[in-house]
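So our numbering is basically just the index in the sequence shown, starting at one, shifted up by 82.
Ideal Cβ placement from N, Cα and C applies to all residues, glycine included.
The structure displayed is predicted, hence computed values, not measured ones.
Data block below; observations after.
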Amino acid sequence: MSSRDQPMVSSKAELKRRDKMKKKSKSGGFESLNLNLNVFRGVKRKGYKVPTPIQRKTMPLILSGLDVVAMARTGSGKAAAFLIPMLQRLNQHTDLRTSLLVGGDSIESQFEELAQNPDIIIATPGRLIHHLSEVDDMSLKTVEYVVFDEADCLFGMGFAQHLHKILTQLSENRQTLLFSATLPSALAEFANAGMRDPHLVRLDLKLGLALT
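Right under this line is the structure:
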């Protein structure tokens with residue numbers, strides 16, 4: 083093969099690659115989400131090949147900044163549905179600080195983590211409320227992205243009052259996501275009261291939430 087022929091071969095290979103990417107984008111794969119390259123590569127390295135149904139329905143809405151209530155069974159991929167958009171949102175930041183607020187861990191060490199003004203807080207409702215009541219200058223008003231995971235379980239375990247109290251501590255400009263296997267009436271009321279025009283997404287249904 084002459085050197086004169088090589089650019090043509092490379093050009094054909096590039097066109098073939100682009101055509102393949104375009105087809106994948108139209109197919110509803112991760113390519114269609116326009117993820118940052120680093121996030122996309124991370125998703126692939128973790129073994130995700132194609133989005134699950136709940137991921138395919140929720141992630142475009144979440145990435146566009148909408149509030150979402152997602153219903154799907156355990157093991158359907160709900161966690162990645164909100165974690166991937168979160169990573170996309172955080173991609174421009176580095177040196178992120180996190181804090182894990184759960185019962186059984188040292189409260190003193192958690193106080194120290196909170197004093198560092200963490201970028202990400204992962205918490206159980208009871209422990210978060212405890213810190214809000216104990217730390218005078220602790221505020222959730224700057225929180226931009228809130229996820230209530232396994233929300234029906236939280237309500238079933240008696241945390242409804244805690245969750246409502248947490249809502250009052252948050253900024254109105256936040257994006258709120260609620261993931262659950264079921265949607266009992268009390269949880270629907272919680273979503274309507276604490277979310278902005280939330281979209282209800284189920285494996286077989288997508289519509290505006292209007293459950294009272």
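| Asked | Found |
| --- | --- |
| Rounded to a whole number of angstroms, what is the C-alpha to C-alpha distance between VAL184 and PRO207? | 9 Å |
| Please tell me whether LEU260 and ALA273 are closer than 7 Å, where the distance is taken between their beta carbons. | yes |
| What are the start and end residues of the alpha helix (DSSP H) that includes HIS213? | 207-216 |
| Near LEU265, what residues of its chain come up, given a Cβ to Cβ distance below 6 Å and the 5 sequence neighbours on each side ignored? | MET153 |
| Thinking C-alpha only, which one of GLU271, ARG138, ASP218, SER267 is nearest LEU249? | GLU271 |
| When the distance is taken between beta carbons, is ASN118 closer than 7 Å to ASN199? | no |
| Excluding the five sequence neighbours on either side, which residues of its own chain have a C-beta within less than 6 Å of the C-beta of ASP231, listed in chain order? | PHE261 |
| Is the beta carbon of PHE112 closer than 7 Å to that of VAL121? | no |
| Which one or two residues does DSSP pair with MET153 in a beta bridge? | SER262, ARG284 |
| Using a 10 Å radius around the Cβ and a threshold of 16 neighbouring Cβ atoms, would you call MET239 buried or exposed? | exposed |
| Quick one: residues in its chain with C-beta nearer than 8 Å to the C-beta of VAL283, no 5 flanking neighbours on either side, listed in chain order? | ILE136, LYS139, THR140, LEU143, VAL150, VAL151, ALA152, MET153 |
| Only counting the same chain, and skipping five residues up and downstream in sequence, which positions put a Cβ closer than 7 Å to that of LEU196? | SER181, HIS213, VAL217, MET220 |
| For a quick check, are the C-beta atoms of PHE237 and ALA268 less than 7 Å apart? | yes |
| Put LEU55 into one of helix, strand or coil per three-state DSSP. | Only positions 83 to 294 of the chain appear in the structure, and residue 55 is not among them; the question remains open. |
| Just how far apart, CA to CA, sit HIS244 and ILE211? | 7 Å |
| Pick helix, strand or coil for VAL132, following the three-state DSSP scheme. | coil |
| What number of angstroms, rounded off, separates the C-alpha of ARG278 from the C-alpha of LEU165? | 20 Å |
| Ordered along the chain, which non-local residues of its own chain (more than five positions away) have a Cβ less than 7 Å from that of MET168? | TYR227 |
| For LYS223, does the count of other Cβ atoms within 10 angstroms reach 16, so buried, or fall short, so exposed? | exposed |
| If you follow the beta strand (DSSP E) that PHE230 is in, where does it begin and where does it stop? | 227-230 |
| Once the 5 residues before and after GLN251 are set aside, which same chain residues still bring their CB inside 7 Å of it? | LEU214, LEU222 |
| Per DSSP, ILE204 is paired with what? | LEU182 |
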